[in-house]
Every structure is written in C-alpha cells, then in structure tokens.
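Please read the structure below before turning to the comments.
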Amino acid sequence: MTTAAATGAALAARFYTDPRIAEWETDRVFGSSWQLVGHESDLPRPGARIVAPVAGREVLVVRTEDGGLAGHLNVCRHRGSRLVAAAEPAGKAIRCPYHGWTYRLDGSLVGAPESRTIPCLDKPKLGLFGVRVESFLGLLFANLDPHAVPLHQRVPGLADLIGRYLGADLEPVGRYRIQDTATEAQDANWKVVVDNYLEGYHVPVAHPGLMRLLDYQRYTATIRESYVYFEVPIRDKPSSNRRERLYQRLASPMPGLRPEDHRMWRYAVIYPNTLIDLYPDHVIAWSVHPLGVSRSALPGAFYAKPGTSWRTRLAQRLNIKIGWITNDEDAELVARVQRGVSTPGWSPGPLSQRETAVGWFADRIRADLAPMDAALAPGQAPQGGTR
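For any residue, its number in the working numbering is found by taking its place in the sequence shown, counting from 1, and adding 18.
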C-alpha cells in the first residue's frame, strides 16, 4: 500500500501560482544552486565567451588565457552597461561598449579612457563582480553563492552513473545552444515542467509512442539528496510505428559506451532545474527557467561523441524527431496542469509510487522556501507535507 511517508507529498497550489513565491525562488532556489550555462565546446579557445541567465542576473563566462574558466556578472562597474551580448566573438579583453572601460578576462580592471578625469579611480577595487563557475563532465555550471558546496561534491556518485556519456569532447548536434532561452517555451510554472519530467506515471496515458518503444514496467528512479537518476529499457518487440521500429533496429551506442547501454534510455535531474537525457545515440543537456509565474523557458542543446558512426547518427536523427513529438505532448500536458492548479480550492491528491521523485522535488522546494512560505500562510499548520 502506498503511503505519504513512502512517496512524499506534492506541492500546494500556491507554489505554482503565487507571484510572491516566484520572487522568493530567484534567490532562495536559483541564487544558491548550480545553474547549467553551457558546455566546454562553447569556449574552444582563450577569450571565447558565453552569456547565460542565472537567478535574474546575466552571467558572463570566459575562457581565460591559461585555458581555465572565469565567471562574472555581465555588467560594467562604471555605469552598469551590459558588457557582452550573446554570440560575440572571442577577444583578449572585455571592453564595455558604452565608455570603453576595459577588463582582463579574469575580471580585473585594466583601463578607462581619460582616467585622469575620474577622481578616486581605484582599479583593484573595480573589477567585475565574480561568479563561481565549474565544469562537471564537460557541462558548465555557475553559482552566485560564493559559499556553495562545489557541484561535484553535491552530486556524489552521479559521475560514475553518467560520466561515460558526457565529457569536454562532446560535439554539438544542430544549432541549439544551452544559453539560448528562445529555444523552447511552455505555458506552465517551471516546477510543473520539472514535476512532469520527474515521473513516468503519465507515460501510458499521454505518450503512446514511448509506450511502444519503452518497457514501462521496468522504468526505475534512483533518488539521492541532490539528484535523481532514471533508467528505462528499449523494448525488443518491434513498434507498430515505422519510424520507431527503424530506430529500434538502428539504435547503437556512441563511442565509449558499454554494450548494456545499447538498449537503455537514461535521464538525470540535478536539483533544482538541470535535466540531462542520455541516449545510446546522443545526449541532451537542458534546464527550466521561469518566465513569470505561468510560463517557462527550456534552453538546451544536443550533443554526440566524436567518431559516432553513420548508423548511430541516423538513429540519432530518428530519436530527435521522436523526442520532439514527446516534447509537444508534454507541452500540452503541463499547460493543462497549470490551468488546473490555478483553480480556487484545488489541493493535491496522494502520489503514486511512480511519482516518488515528485515528492523528493517538492520536499526540496518546501525546505528552500520554508521561512517565506510560513509568512505567506500564517497560522496554517502543515498537513500531510503539502506545505
């Protein structure tokens, strides 16, 4: 028998609909967590740079002269101009396009035009505001919290589970980049989108293609403190759909994968909003960003291992098309949920054992927002964990 203690409890409606909670999340959830901002391939040489949103700010990540990484807030210390626009070419320095203040790649101020006319110009104190940056299996993450635990320490064991799929040598497939927030958007609160990704309970009802392809009864979720890892095998029985059937025949692992990876789809979620799809033929790294209370951006990119065979690349193309069908189905689902949870008087029902990861995510959100949420609902005692 499923119990609340075994599965956790879903979030109350206000977590998806109240603008005050959306404001609190900026600092309490996103401002203190590691946010996916790119991949090593985005910064191929010294001076290369990318710009990505993080917790209501814009972060500038650059490849330094020694081949390392440096992160800064993308704002000039002089008058607040945006320093770098998206997709700007590499350069030996960072120069403000407004008044020409110039910074080294490490963020230190090296010059300002007519500096003698600027009283109290203390260059050592006017470097760019620093942001922590970390490469994890080739994926780039940024964190605004200077005291945050390093990401690789936050997700112990994850590298062993997914490391063979990832790495700095991954090659982009197609035109999408992780920094492009216009890649995809859905009409739902960002947590509704993550909830949907965290469970396979809806697959038999909402994703007929996935049911033809995947062995739903063997869908598993492994929950750790800061991440969840999923596995589901590809069916041996040929699908009745021609494209899916051809994919089943062609599916083969990229270089570096194991024989047991041939017939397995895997997924990982790093709290709060980093999602990684791990297929035999390609990888997708993406995240979910709030665009207000009831709309979300889903920037992400496709990658493959160098040396991938023509057979695997053909399977990859088929898989990506199958994935977009699933994405469209999910976009409709989460929009329906957003409309539903906005209904006055609605409260969540009990979770299935297949939704245990939804309960894990809800617990993490409640813990991060507990001080503010208590003020939002004074005198309201916790009931079944739905706070």
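A virtual CB, placed ideally from N, CA and C, is assigned to each residue, including glycine.
The structure presented is a predicted model; accordingly, all values stated were derived computationally and were not measured.
{"Asked": "To which residues does DSSP link Y321 through a beta bridge?", "Found": "P190 and V301"}
{"Asked": "Tell whether a beta-carbon distance below 9 angstroms holds between S51 and A130.", "Found": "no"}
{"Asked": "Who pairs with P222 in a beta bridge, going by DSSP?", "Found": "Per DSSP, none; premise fails for P222."}
{"Asked": "Between A303, R372, H96 and Q53, which has its C-alpha nearest Y321's C-alpha?", "Found": "A303"}
{"Asked": "Among S360, V376, P366 and P174, which residue has its Cα nearest to the Cα of E217?", "Found": "V376"}
{"Asked": "For T361, count the other beta carbons within 10 Å of its own beta carbon; 16 or more makes it buried, fewer makes it exposed. Which is it?", "Found": "exposed"}
{"Asked": "Just the Cα atoms here: how many angstroms apart are D60 and A160?", "Found": "14 angstroms"}
{"Asked": "Quick one: using the 10 Å Cβ neighbour count with 16 as the cut-off for buried, is E278 buried or exposed?", "Found": "exposed"}
{"Asked": "Using the C-alpha atoms, what's the distance from D124 back to G85?", "Found": "11 angstroms"}
{"Asked": "Leaving aside the five residues before and after A186 along the sequence, list all residues of the same chain whose C-beta is less than 6 angstroms from its C-beta, in chain order.", "Found": "E58 and G156"}
{"Asked": "Name the residue from G65, S327, A31 and K255 whose alpha carbon lies nearest to the alpha carbon of N207.", "Found": "A31"}
{"Asked": "Check whether the Cβ atoms of G56 and R195 sit closer than 9 angstroms, and answer yes or no.", "Found": "yes"}
{"Asked": "From what residue to what residue does the beta strand (DSSP E) around L29 run?", "Found": "That residue, L29, is in no beta strand (DSSP E); it is neither H nor E in DSSP."}
{"Asked": "Would you give the residue range spanned by the beta strand (DSSP E) that G56 belongs to?", "Found": "Q53 to H57"}
{"Asked": "Identify, in the order they occur along the chain, each residue of the same chain with its Cβ nearer than 7 angstroms to the Cβ of R230, setting aside the five sequence neighbours on each side.", "Found": "S257, S258, N259 and E262"}
{"Asked": "Measure the alpha-carbon distance for I39 versus D386 and round it to whole angstroms.", "Found": "11 angstroms"}
{"Asked": "Thinking T25 and S305 are a contact (beta carbons under 8 angstroms), I'd like their distance in whole angstroms, please.", "Found": "Going by Cβ atoms, the distance from T25 to S305 rounds to 26 angstroms, so no, they are not a contact pair."}
{"Asked": "Could one say the Cβ of L369 lies closer than 9 angstroms to chain C's Cβ atoms, at least one of them?", "Found": "Reference to chain C is not applicable here, since this structure consists of a single protein chain."}
{"Asked": "What residues match up with T292 in a beta bridge as DSSP calls it?", "Found": "I288 and S305"}
{"Asked": "Classify W364 as buried or exposed, calling it buried when 16 or more other Cβ atoms lie within 10 Å of its own Cβ.", "Found": "exposed"}
{"Asked": "Is H96 helix, strand or coil when you go by DSSP?", "Found": "coil"}
{"Asked": "If you run the structure through DSSP and keep just helix, strand and coil, what is N214?", "Found": "helix"}
{"Asked": "For R172, count the other beta carbons within 10 Å of its own beta carbon; 16 or more makes it buried, fewer makes it exposed. Which is it?", "Found": "buried"}
{"Asked": "Name the DSSP beta bridge partners of T330, please?", "Found": "Per DSSP, none; premise fails for T330."}
{"Asked": "Taking the straight line between their C-alpha atoms, what separation do you get for N337 and Y265?", "Found": "7 angstroms"}
{"Asked": "Between the C-alpha atoms of T201 and P137, what's the straight-line distance to the nearest angstrom?", "Found": "45 angstroms"}
{"Asked": "Rounded to a whole number of angstroms, what is the C-alpha to C-alpha distance between W119 and R100?", "Found": "12 angstroms"}
{"Asked": "When DSSP labels each residue in this structure, what does H117 get in the three-state scheme?", "Found": "coil"}
{"Asked": "For R276, which residues in the same chain have their Cβ closer than 8 angstroms to its Cβ, ignoring the five residues on either side in sequence?", "Found": "R182"}
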